[in-house]
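> Just passing along the structure, written as structure tokens.
There are 2 protein chains.
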Amino acid sequence: MEQSRSKEQAILAAAEQEFMTKGFDGARTISIAKAAGVTHAMLHYYFRSKENIFERIFDEKMRLLSQSVLEAFEQQGLSLEERLRKGIESHFDYIAKYPGLPRFVVNEVMSRPERHEMMQRRIGPMFESITKGLQRELDEAADRGECERMDVRMLMLDIVSLNVFSFIAMPIIEPLVGDLAVDRETFCRLRKQENVEVIMRRLKKL
Amino acid sequence: MEQSRSKEQAILAAAEQEFMTKGFDGARTISIAKAAGVTHAMLHYYFRSKENIFERIFDEKMRLLSQSVLEAFEQQGLSLEERLRKGIESHFDYIAKYPGLPRFVVNEVMSRPERHEMMQRRIGPMFESITKGLQRELDEAADRGECERMDVRMLMLDIVSLNVFSFIAMPIIEPLVGDLAVDRETFCRLRKQENVEVIMRRLKKL
DNA sequence: GTTTGCATTAACAATTTTGTTAAATAAAAT
DNA sequence: ATTTTATTTAACAAAATTGTTAATGCAAAC
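In structure tokens:
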């Protein structure tokens, strides 16, 4: 039947909304069922437990979060400066598109230590693959005197901090943001520009 | 009696631990009671409800978070560069001392929209008082050609992003951090230094 | 010593939340 | 058409969680 697949999808879509906004502890299976337009027994039929539904959502989100960094900085065939600039912008755009992603993943990893290991297995290799190539490029540029010498891991932490924090802390920095830019789009444009500027200056040879 | 005050304090201390690590939804009043060494009816006797205990904790944490920024940057009688450097370091140290603070406040504000307004009433004036003076100093320094001209709100967002993000996302960036510095203290020293460097370069006149 | 008021306990009530199942229904296969 | 399989519902079970109260203890005040 075709209905069944669509109901399963409806449940997952509703669960995504519920878990992302309220977290595992705050989420209610009955709310998920209601939002999906099914009885809550259907959740048991398709997924057996709240935990199972959550894992489906969480795994996907963890994957997307890793991807957000990996995808942004994997572009080859550019100058170091262009690669970084494009990487920062691309990463920023991704986070701006899914602003709830980092907070959700961080929280659920934090509140369940058993997920630490799983998270690290997924994040570890990703960072290796990015940093390896980038560190060599950085070193070569520094050798040629084109930029400052620095640890690429510190650089990546700078970039991610700048790109992600505004969105994580949005409810708190809102008064500051609202004053800074009337609409969200303007804020994102200005903020992205600022982040690129900060990183470029960090690397500039003095 | 003297016991009563100490029990009340024991409950609050246990509640702080419970709420900070698990959030409002994940916290269990019975766990708080156990950790405080009292029956759970005592919680009702002293505070009436879970909500009331939570508010006591939350209000205090919100206050501390505001203070972390305000206190760091209010020092007068220094050159702009020194004021910023000391401010960044002082703010970093505060967050490093209470690393769970930002995540807790952000999450609880996020999951309860009715707190947005309250938060903004507390954060808004604080930012005004800091940014007003700083923006003038910045402008004057820029007039003298000593530094780049920029919006102090963007600058503050840069600083707070760099100082806070590592601690919020610690469980995720751990593999990167562990590689970077063997112990926490070393990481904090390096990271603080990096954050100061980034901001100083951001302002340097080119 | 009795009374008064606060602190504490144990038992319980109410609600919520998740999980389960047997029966009903619809669809598909033979 | 009949059998078989998959889907759906309604009712229920079990556990957890918060909130409540009546009874008890206990120390200080009178």
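Residue numbers (this note's numbering), protein chains in the order written: chain A, 257 to 462; chain B, 257 to 462.
From the three backbone atoms N, C-alpha and C, an ideal C-beta is built for every residue, glycine too.
In this text the structure is predicted, and so the values were computed from the model without any measurement.
1. Between the stretch 406–424 of chain B and chain A, which residues of the former have CB atoms less than 8 Å from a CB of the latter, in chain order?
2. Is the shortest distance between the beta-carbon of S367 of chain B and the beta-carbons of chain A less than 8 Å?
3. Counting only Cβ pairs nearer than 8 Å, list the residues of chain A close to G380 of chain B.
4. In angstroms with no decimal places, state the Cα-to-Cα distance between K278 of chain A and E370 of chain B.
5. Since M276 of chain B meets chain A, which of its residues come closer than 9 Å, beta carbon to beta carbon?
6. When you compare only the Cα positions, how much space is there between A269 of chain B and R261 of chain B?
7. Does the stretch 416–427 of chain B come close enough to the stretch 333–351 of chain B to have 3 or more Cβ pairs within less than 8 Å?
8. Is R304 of chain A close to chain B? Criterion is C-beta to C-beta, closer than 8 Å.
9. Any idea what DSSP makes of K461 of chain B, helix, strand or coil?
10. To the nearest angstrom, how far is it from the Cα of K290 of chain A to the Cα of L390 of chain A?
11. Residues of chain A with CB closer than 9 Å to the CB of L436 of chain B, please, in chain order.
12. Would you mind stating whether F314 of chain B and E364 of chain B have Cβ atoms separated by less than 8 Å?
13. For S444 of chain B, which beta-bridge partners are listed by DSSP?
14. Are the stretch 391–411 of chain B and the stretch 370–381 of chain B touching by the rule of at least three beta carbon pairs closer than 8 Å?
15. Could one say the Cβ of H347 of chain B lies closer than 8 Å to chain A's Cβ atoms, at least one of them?
16. Please list the terminal residues of the continuous alpha helix (DSSP H) segment that includes M406 of chain B.
17. Round the Cβ separation of I309 of chain A and R359 of chain A to the nearest angstrom and send it over; I've been treating them as touching at under 8 Å.
18. Would M374 of chain A pass as an interface residue toward chain B - the criterion being a Cβ-Cβ separation below 8 Å?
19. With distance defined between alpha-carbon atoms, name the residue in B:D281, B:M318, B:V325 nearest to K306 of chain B.
20. Note down the Cα distance separating R405 of chain B from L459 of chain B, rounded to an integer number of angstroms.
21. Could you list which residues in chain B have their beta carbon closer than 7 Å to that of E307 of chain A, in chain order?
22. By how many angstroms is the C-alpha of I415 of chain B removed from the C-alpha of L340 of chain A?
23. Rounded to whole angstroms, what is the Cα-Cα separation between V433 of chain A and E330 of chain B?
24. Taking a cut of 9 Å between CB atoms, which residues from the stretch 445–456 of chain B lie near chain A?
25. May I ask you to report which of helix, strand or coil DSSP gives N451 of chain B?
26. Does the beta-carbon of A328 of chain A have 16 or more other beta-carbons within 10 angstroms, so that it is buried, or is it exposed?
27. Using a Cβ-Cβ cut-off of 8 Å, state whether E258 of chain A counts as contacting chain B.
28. Under a CB-based cut-off of 8 Å, is R440 of chain A close to chain B?
29. Hey, out of B:S367, B:M412, B:P355, whose CA is closest to K388 of chain B's CA?
30. The alpha helix (DSSP H) that contains V362 of chain B, what's its start and end?
31. Can you list, in chain order, the residues of its chain with a C-beta nearer than 8 Å to that of L334 of chain B? Leave out the 5 residues immediately preceding and following it.
32. At which residues does the alpha helix (DSSP H) containing E370 of chain B begin and terminate?
33. By the three-class DSSP mapping on this structure, what secondary structure does Q331 of chain A have?
34. Have a look at B:I379, B:F348, B:I386 and flag the residue whose alpha-carbon is nearest the alpha-carbon of R319 of chain B.
35. Give a yes or no on whether the minimum CB-CB distance between F443 of chain A and chain B is below 8 Å.
36. For E272 of chain B, which residues of its own chain have a beta-carbon under 6 Å away from its beta-carbon, when the five flanking residues on both sides are left out?
By the coordinates alone:
1. So the list reads D407, R409, M410, M412, L413, D414, V416, S417, L418, V420, F421, S422, I424, given in the order they occur along the chain.
2. It does: the Cβ of S367 of chain B has a partner Cβ on chain A nearer than 8 Å.
3. The contact set of G380 of chain B on chain A, defined by CB atoms closer than 8 Å, consists of P431 in chain order.
4. Roughly 15 Å separates the two Cα atoms.
5. Within chain A, not a single residue places a beta-carbon under 9 Å from that of M276 of chain B; the smallest gap is close to 11 Å.
6. The alpha-carbon separation between A269 of chain B and R261 of chain B amounts to approximately 12 Å.
7. Touching, per the Cβ criterion.
8. No, its Cβ sits nowhere closer than 8 Å to a Cβ of chain B.
9. Coil.
10. Spanning the two alpha carbons is a distance of roughly 48 Å.
11. Within chain A, the residues D407, R409, M410, L413 have their CB atoms less than 9 Å from the CB of L436 of chain B, given in chain order.
12. Contact: yes.
13. Per the sequence shown, the amino acid found at residue 444 of chain B is Cys instead of Ser. DSSP lists no bridge partner for C444 of chain B.
14. By the criterion of at least three beta-carbon pairs nearer than 8 Å, the stretch 391–411 of chain B is not in contact with the stretch 370–381 of chain B.
15. Output row for H347 of chain B: interface = no.
16. M406 of chain B -> no alpha helix (DSSP H), and no H or E assigned at all.
17. 20 Å between Cβ atoms; not a contact.
18. Not one chain B Cβ lies under 8 Å of M374 of chain A.
19. It is B:D281 whose Cα lies nearest to the Cα of K306 of chain B.
20. Distance between the alpha carbons of R405 of chain B and L459 of chain B is about 8 Å.
21. Going along chain B, no residue has its Cβ under 7 Å from E307 of chain A, so there is no contact; the nearest lies around 14 Å.
22. For L340 of chain A and I415 of chain B, the gap between their C-alpha atoms comes out near 21 Å.
23. Approximately 21 Å between the Cα atoms of the pair.
24. Answer set for the stretch 445–456 of chain B: L446, R447, E450, N451, E453, V454, I455.
25. In the structure shown, N451 of chain B sits in a helix (DSSP, three-state: H, G or I).
26. A328 of chain A comes out buried.
27. Note that E258 of chain A scores 49 on pLDDT, short of 50, meaning its location in the model is unreliable and no value can be drawn from it.
28. No, its Cβ sits nowhere closer than 8 Å to a Cβ of chain B.
29. Nearest of B:S367, B:M412, B:P355 to K388 of chain B, Cα basis: B:M412.
30. V362 of chain B -> alpha helix (DSSP H) spans 357–367.
31. Answer for L334 of chain B: K342, listed in chain order.
32. Under the DSSP assignment, E370 of chain B falls in the alpha helix (DSSP H) whose first and last residues are 370–399.
33. Coil.
34. Ranked by Cα distance from R319 of chain B, the first of B:I379, B:F348, B:I386 is B:I379.
35. Output row for F443 of chain A: interface = no.
36. The residues are I313.
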